[in-house]
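Q:
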Amino acid sequence: MSTTRRLAAVLAPFALAATIPAGASAATAFYGVTADNHLVEFQSDNTTSVPAKPLRGLQADERIVGLDLRPADLRLYALTNKNRFVVINPRNGGVRYLGDKALEPAVTGDAVGFDFNPVADAIRVETNAGQNLRIEPSTGQLVPRTVTPSPTATPEAPATPGPSPSPTTAPGVADGALQYAAGDAGAGTAPKVTASAYTNAFPIGTTTTLFALDAAKNALVRQDPPNDGTLRTVGPLGTTGAPIAFDIAEQNAGYAAITTTAGGTRVGLYRVNLDTGTATPTGGNFVIQTKSPIVGLAAAGDVDADKTAPGLSVSSSSTQLRSRLLEGGLQLTVNCDEACSGTVRVKYAGHTAGTAETTVERGAGYDRVAVNLDSRARAAIRSSRGARLDLRVEVADGAGNRSDLSRPIRSR
Numbered sequence: 533m534s535t536t537r538r539l540a541a542v543l544a545p546f547a548l549a550a551t552i553p554a555g556a557s558a559a560t561a562f563y564g565v566t567a568d569n570h571l572v573e574f575q576s577d578n579t580t581s582v583p584a585k586p587l588r589g590l591q592a593d594e595r596i597v598g599l600d601l602r603p604a605d606l607r608l609y610a611l612t613n614k615n616r617f618v619v620i621n622p623r624n625g626g627v628r629y630l631g632d633k634a635l636e637p638a639v640t641g642d643a644v645g646f647d648f649n650p651v652a653d654a655i656r657v658e659t660n661a662g663q664n665l666r667i668e669p670s671t672g673q674l675v676p677r678t679v680t681p682s683p684t685a686t687p688e689a690p691a692t693p694g695p696s697p698s699p700t701t702a703p704g705v706a707d708g709a710l711q712y713a714a715g716d717a718g719a720g721t722a723p724k725v726t727a728s729a730y731t732n733a734f735p736i737g738t739t740t741t742l743f744a745l746d747a748a749k750n751a752l753v754r755q756d757p758p759n760d761g762t763l764r765t766v767g768p769l770g771t772t773g774a775p776i777a778f779d780i781a782e783q784n785a786g787y788a789a790i791t792t793t794a795g796g797t798r799v800g801l802y803r804v805n806l807d808t809g810t811a812t813p814t815g816g817n818f819v820i821q822t823k824s825p826i827v828g829l830a831a832a833g834d835v836d837a838d839k840t841a842p843g844l845s846v847s848s849s850s851t852q853l854r855s856r857l858l859e860g861g862l863q864l865t866v867n868c869d870e871a872c873s874g875t876v877r878v879k880y881a882g883h884t885a886g887t888a889e890t891t892v893e894r895g896a897g898y899d900r901v902a903v904n905l906d907s908r909a910r911a912a913i914r915s916s917r918g919a920r921l922d923l924r925v926e927v928a929d930g931a932g933n934r935s936d937l938s939r940p941i942r943s944r
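According to my numbering, the residues represented by the sequence shown are 533 to 944, in order.
Pasting the structure below:
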């Protein structure tokens, strides 16, 4: 696992990303939030090692439905199903509410696109029910409108030249409902936007474009103009699963969390081509290994590619009782300091006497393994004490980094 990614989870991600030498192999770090309210961390080249921490401070029946990193202050913001906006501390999972009341109007629909406009520093919230909202992050309410009153005039007292009335602030209103532009391939159909993201998501961005994922068409769309809610089809994702979450990382690289099959619960990480819409798995091990499915995704800057082999150890006595070997095979515990998977192989007199698979899921942990032995090895163990078995364990992490360990085992 990349040690840079571990630091990225604690330090300001964009500041850290700037330290990566030009031309260095890089991956993208992510925060995610799961359906059971856990904050997770992973990177684009290793989605199997996914440390998780529970969120603290939400109501008992409250859950996160949207997540993003605010470019202006590099903090994690989220929306809950209670129409409240919160800031999440990634160090400990603590949650702080924004404002003193729930969003009005309430969010409709059961899937939410949630992202910061890096130029306006406003939150864009849109839903699969067609809702399209701009939120002031400090209050958790709609962005206020600026209204300039017209000069008052009556038939008896026409308006006279003079200073214009001063602009006033009025409560915000919802932006235009999501709909496809006339003449677009999606015109006349109801969009079901489930995720959205802006380009140029960094603190000094001066221009930005809003993209979204339409689950009804399984397509990437461009929202232009955003405040009008006008959608323009970019192209199909080319996936059978449902788009769950979306963000645009540095260098305007699109990433999406998409279920791996229609109606499935396993969620994979895909690269999304912003020119064509095509979604491609990020690698051979692209399924995000979380206990509960991902529901929100936030890119957290580029980090060093994971080139670190998993730390591997094995817990097993170097001498084993013959009766135990004959009854239950060779039993051992495989320990990894991150998620890993691989093969346990036992040899006797140069030939393979038994194999078993081993997997440590999501993060550091262990797997208890029993390797059943073939008849030749069992016969040798029965006939004499001190029969030698050669144990070899080979594992790899999600980025393909490999570790192995060998040791002799003798019967007694």
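Think of the CB as a built atom: it goes at the ideal place given N, C-alpha and C, for glycine as much as any other residue. All figures in this text were calculated on a predicted structure; none of them were measured in a lab.
Report all residues from its chain with a CB closer than 6 Å to the CB of residue 556; omit the five preceding and five following residues, and keep chain order.
A: The predicted position of residue 556 is uncertain, since its pLDDT is 43 and thus under 50; a value taken from the coordinates is nonetheless stated next. There are no such residues.
Q: Closer than 8 Å, CB to CB, is residue 917 near chain C or not?
A: Here there is only one protein chain, and chain C is not present.
Q: Taking all protein chains shown into account, decide if residue 624 is buried (16 or more other Cβ within 10 angstroms of its Cβ) or exposed.
A: exposed
Q: For the region 592-611 against the region 827-834, do three or more pairs of beta-carbon atoms, one drawn from each stretch, fall closer than 8 Å, so that the two count as touching?
A: A contact exists between the region 592-611 and the region 827-834.
Q: Mind checking who residue 879 pairs with in its DSSP beta bridge?
A: 884 and 922
Q: Which same chain residues end up closer than 8 Å to residue 944 when comparing Cβ atoms and leaving out the 5 residues on each side of it in sequence?
A: 851, 852, 853, 854, 917 and 918
Q: Could you check the C-alpha separation between residue 597 and residue 777 for me, to the nearest Å?
A: If you draw a straight line from the Cα of residue 597 to the Cα of residue 777, it comes to about 10 Å.
Q: Measuring straight from C-alpha to C-alpha, what distance separates residue 632 and residue 871?
A: 41 Å
Q: Would the C-beta of residue 854 count as close to the ligand FAD, meaning under 7 Å from any of its heavy atoms?
A: The ligand FAD is absent from the structure shown, which contains no ligand whatsoever.
Q: Report yes if the CB atom of residue 657 is closer than 8 Å to the CB atom of residue 828, and no otherwise.
A: no
Q: Compute the Euclidean distance between the alpha carbons of residue 912 and residue 857, then round it to the nearest angstrom.
A: 11 Å
Q: Between the region 858-866 and the region 875-893, are three or more C-beta pairs nearer than 8 Å?
A: yes
Q: If you compare alpha carbons, which of 877, 732, 901 and 764 is closest to residue 715?
A: 764
Q: Find out if the Cβ-Cβ distance for the pair residue 646, residue 611 is shorter than 8 Å.
A: yes
Q: Please report the distance separating the alpha-carbon of residue 567 from that of residue 784.
A: Annotation: residue 567 to residue 784 spans about 27 Å, alpha carbon to alpha carbon.
Q: Quick one, which of 618, 643, 626 and 650 has its alpha-carbon nearest residue 635's?
A: Restricting attention to 618, 643, 626 and 650, the CA atom closest to the CA of residue 635 is found in 618.
Q: So which of 710, 671, 580 and 574 has the shortest CA-CA distance to residue 927?
A: 580
Q: Under 8 Å: do the region 734-741 and the region 787-794 share three or more Cβ pairs, one atom per stretch?
A: no
Q: My assumption, with CB atoms under 8 Å, is that residue 842 sits in contact with residue 933. Please give the rounded CB distance.
A: Contact between residue 842 and residue 933 is confirmed by a C-beta separation of about 6 Å, below the 8 Å threshold.
Q: Rounded to the nearest angstrom, how far is the Cβ of residue 874 from that of residue 819, given a contact under 8 Å?
A: Going by Cβ atoms, the distance from residue 874 to residue 819 rounds to 17 Å, so no, they are not a contact pair.
Q: What does a CB cutoff of less than 8 Å around residue 806 pick up in its chain, not counting 5 residues either side in sequence?
A: 731, 743, 752, 766, 780, 784 and 786
Q: Please classify residue 650: is it buried, with 16 or more other beta-carbons within 10 angstroms of its beta-carbon, or exposed?
A: buried
Q: From residue 769 to residue 804, what does the alpha carbon distance come to, in whole angstroms?
A: 8 Å
Q: Evaluate residue 822 with the Cβ neighbour count: other Cβ atoms within 10 Å of its Cβ, from every protein chain shown; 16 or more gives buried, anything less gives exposed.
A: Buried, since its Cβ has 16 or more Cβ neighbours within 10 Å.
Q: According to DSSP, residue 599 sits in a beta bridge with which residue or residues?
A: 610
Q: Would you mind sorting residue 640 into buried or exposed? The rule is 16 or more other CB atoms within 10 Å of its CB.
A: exposed
Q: Of the residues 861, 663 and 846, which one's Cα is nearest the Cα of residue 904?
A: 861
Q: For residue 837 and residue 574, I'd like the C-alpha separation in whole angstroms.
A: 12 Å
Q: Where do the ends of the alpha helix (DSSP H) carrying residue 913 lie?
A: 907-915
Q: Given that a residue counts as buried once 16 or more other Cβ atoms are within 10 Å of its Cβ, and exposed if not, what is residue 938?
A: Result: exposed.
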